[in-house]
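Encoded as structure tokens, the structure appears first; notes follow it.
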Amino acid sequence: MVGSVPVGDGAPVSVQSMTTTKTDDVQATLIQTHELATQGADIVRVAVPHEADAKALPLIVQEGGVPIVADIHFSVRLAMMAVEAGVQALRLNPGNIRNPRHVKEVADAAKERRIPIRIGVNAGSLDRKLVAKYGRPTAEALVESALYEIGLLEEQGFYDIKVSVKHQNVPEMIAAYRLLADRTDAPLHLGVTEAGTPKQGVVKSTLGIGTLLAEGIGDTIRVSLTADPVEEVKYGKQILNALGLRKDTGDLVACPSCGRAELDVVALTEEVEAALEKMDLPPMQIAVMGCEVNGPGEARDADIGIAAGPGRGLLFSKGKQIGWVPHDRLVQSVLEEAQRIGDEIRASGTTATGDAAVVTGAGRRPPTMSIGMGPPGE
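Residue numbers (the numbering used here): 303 to 680.
Quick look at the structure:
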């Protein structure tokens with residue numbers, strides 16, 4: 303558990319993000335935390351690089367509305383202050399907090415408060431001994447760092463551990479998590495670090511996170527982007543929805559358009575998408591199709607669908623033909639039908655497209671290879 307959010311042991315995959323405000327600016331941090339929670343963030347991490355940030359934590363924890371994770375680097379004192387502030391979890395970086403005595407001090411405090419610790423290994427801050435041993439931040443180096451830190455915590459009788467081994471290189475990141483899943487049953491926090499702007503970062507994160515989740519590896523995710531953190535939450539939810547691991551956003555199916563299209567599919571789809579974003583609807587699938595080849599089949603399979611023909615489109619609802627609608631009425635007809643179905647769903651307490659099977663849990667894959675565990679660099 304991270305606060306009230308279960309992580310691991312078959313729990314639904316949770317979505318995390320991190321504030322970009324100065325944490326000691328409590329008002330700005332709370333505003334952003336609330337925005338993230340409203341968009342669907344399950345857990346929010348805040349940076350704690352200075353004492354002023356640690357002193358701001360009690361109010362942020364109290365008013366944040368979601369479990370707060372304190373991101374700690376270098377300073378055991380700040381970790382202890384965060385524990386005293388009541389944060390719901392700590393993130394420790396074994397690249398800069400690796401002294402066994404310091405780890406014991408934090409572990410004892412976290413154990414007393416029943417606060418989980420995430421061992422957050424990052425390729426950019428890996429222990430220099432490991433970089434020297436492997437020549438660069440390889441998947442094996444990241445996993446060795448994580449396993450060593452796990453060992454230090456477990457030696458202190460601390461087992462409420464989550465782990466991440468983030469890398470900016472997608473194949474290396476995937477390899478690291480696969481190795482780690484073979485070596486530990488601890489819940490895994492997935493992420494491609496320093497993925498960049500949404501233009502490329504979404505692709506990197508979708509490939510890295512999505513590949514692992516499809517293999518049953520991973521329990522909580524963060525889509526790291528150089529952007530408003532709200533975007534991280536939106537894309538994280540979309541990854542989970544695309545894999546059928548979460549059903550709290552709609553699914554807009556649309557053809558890519560081609561010479562067969564009987565109308566401007568791109569403009570129509572964008573108009574439908576923009577309108578749906580302003581509506582308070584339960585999750586449902588809507589299909590916008592431009593011709594009679596794949597259109598009727600896709601439209602029929604969705605909760606609501608339109609298949610365009612010359613001058614008009616065929617409207618489907620729950621697999622049944624509703625009738626032909628002029629092109630200039632298609633958007634309005636889709637929105638009206640979406641509202642009607644949404645009202646029915648809420649009244650009945652059911653779902654539109656059915657409940658998705660949740661597949662989680664590190665270690666579901668068969669063992670592939672293992673690496674030795676010992677003090678970093680040995």
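C-beta atoms are modelled at their ideal positions from N, C-alpha and C, and glycine is treated no differently.
Only a predicted model underlies this, so the values are computations on that prediction, with no experimental measurement involved.
Fill in: Alpha-carbon spacing of residue 611 relative to residue 594, whole angstroms
7 Å
Worksheet item: Would DSSP call residue 613 helix, strand or coil?
Response: coil
Fill in: Local Cβ density within 10 Å of residue 334, reported as buried at 16 or more and exposed below that
buried
Item to complete: Could you pull out every unbroken beta strand (DSSP E) segment of at least 3 residues lying fully inside the stretch 558-634, listed in chain order?
Response: 587-591, 606-611, 614-619, 622-628
Discussion item. In this structure, how does DSSP classify residue 304 when only helix, strand and coil are distinguished?
Written reply: strand
Worksheet entry | Distance, residue 598 Cα to residue 422 Cα | 48 Å
Practice prompt. Report the partner residues of residue 522 according to the DSSP bridge assignment.
Written response: 316, 491
Practice prompt. Can you say whether residue 489 is buried or exposed, counting buried as having 16 or more other CB atoms within 10 angstroms of its CB?
Written response: buried
Practice prompt. Decide if the stretch 441-450 is in contact with the stretch 322-341; the criterion is three or more beta carbon pairs, one per stretch, under 8 Å apart.
Written response: no
Item to complete: Keeping to the same chain, check which residues put their C-beta closer than 7 Å to that of residue 636; ignore five residues upstream and five downstream.
Response: 574, 588, 606, 608
Discussion item. Using only CA atoms, which one of 304, 362, 330 lies nearest to residue 318?
Written reply: 304
Worksheet item: According to DSSP, is residue 424 helix, strand or coil?
Response: strand
Item to complete: Tell me whether residue 534 is buried or exposed, calling it buried when 16 or more other Cβ atoms sit within 10 Å of its Cβ.
Response: buried
Worksheet item: What does DSSP give as the partner residues of residue 554 in its beta bridges?
Response: 588
Practice prompt. Jot down the residue ranges of each uninterrupted alpha helix (DSSP H) in the stretch 356-393, minimum 4 residues, whole runs only, in chain order.
Written response: 378-387
Discussion item. On a Cα-Cα basis, can you pick out the residue from 582, 563, 576 that is closest to residue 591?
Written reply: 563
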